[in-house]
Amino acid sequence: MITLFAAAAGALIAVLLAVLIVLHVNDRPARRREVMARRSLICALIEAGNVATIWQFLSASERAAAGLTARRLNLRLRISGLPGADAASNWSEHMLSELRRDSMNGGLQPALFDYFETQLRTWLRQPRRHSPIFRDYVELWDRSALSTAVLGQL
């Protein structure tokens with residue numbers, strides 16, 4: 000009786016172990032593709048930031064194409080499913096406009112692009128921890144724009 004029970008328990012454990020292995024093996028390629036897609040999205044956003052640093056040297060058609068690419072990348076980031084993707088998208092949109100404006104004014108600071116790149120890479124590694132930082136920046140920019148608009152009306 001005990002040997003029959005031990006054999007049944009052993010078979011059950013073997014089946015459960017096989018199921019867990021199959022589920023884990025099938026899950027890894029999908030997860031790997033998802034991680035690679037997110038990394039490529041962030042790299043493309045960083046490249047859009049790099050293009051924004053040379054904005055003053057681009058022709059009108061190149062600017063239009065670069066702007067469209069940046070908007071598409073921000074949309075892809077927004078729907079990526081990462082925690083805090085909305086805040087990261089808003090933040091990157093604002094930072095790209097800052098990079099463009101600095102480039103057009105001729106006062107581009109390399110530290111600004113480095114900061115843009117570092118923050119996006121940090122967010123990719125730890126989206127839950129870094130998203131509140133992006134939200135705080137966006138709220139600060141919104142408040143400063145609102146106060147500037149109110150002062151402009153006075």
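Sequential numbering of the sequence shown, starting at 0, is according to numbering that gives the first Met the number 0.
Positions of the beta carbon are idealized from the N, C-alpha and C atoms, including for glycine.
The structure displayed is predicted, hence computed values, not measured ones.
query: N-terminal and C-terminal residue of the alpha helix (DSSP H) that proline 82 is part of; result: Looking at the DSSP string, proline 82 is not in any alpha helix (DSSP H), and its letter there is neither H nor E.
query: Close beta carbons around alanine 86, own chain, < 7 Å, minus the five adjacent residues each side; result: Ser130, Phe133, Arg134, Val137
query: In chain order, each alpha helix (DSSP H) run of at least 4 residues that lies wholly inside the stretch 30-85; result: 59-77
query: Serine 60 versus leucine 67: straight-line alpha-carbon distance, rounded; result: 11 Å
query: Rounded distance between the beta-carbons of arginine 99 and glutamine 63, thought under 8 Å; result: Note that residue 63 is alanine in the sequence shown, not glutamine. No, alanine 63 and arginine 99 are not in contact; Cβ-Cβ is about 13 Å, not under 8 Å.
query: Burial state of alanine 47 (16 or more Cβ within 10 Å); result: buried
query: Leucine 107 - DSSP class collapsed to helix/strand/coil; result: coil
query: Alpha carbon of isoleucine 12 to alpha carbon of alanine 36, nearest angstrom; result: 36 Å
query: Cβ-Cβ distance between leucine 107 and leucine 76 below 9 Å; result: no
query: Helix, strand or coil at glutamine 118 [DSSP, three-state]; result: helix
query: Pairwise C-alpha distance: alanine 29 and leucine 139; result: 38 Å
query: Spatially closest choice to tryptophan 122 from Gly9, Ile45, Leu16, Arg32, by CA coordinates; result: Ile45
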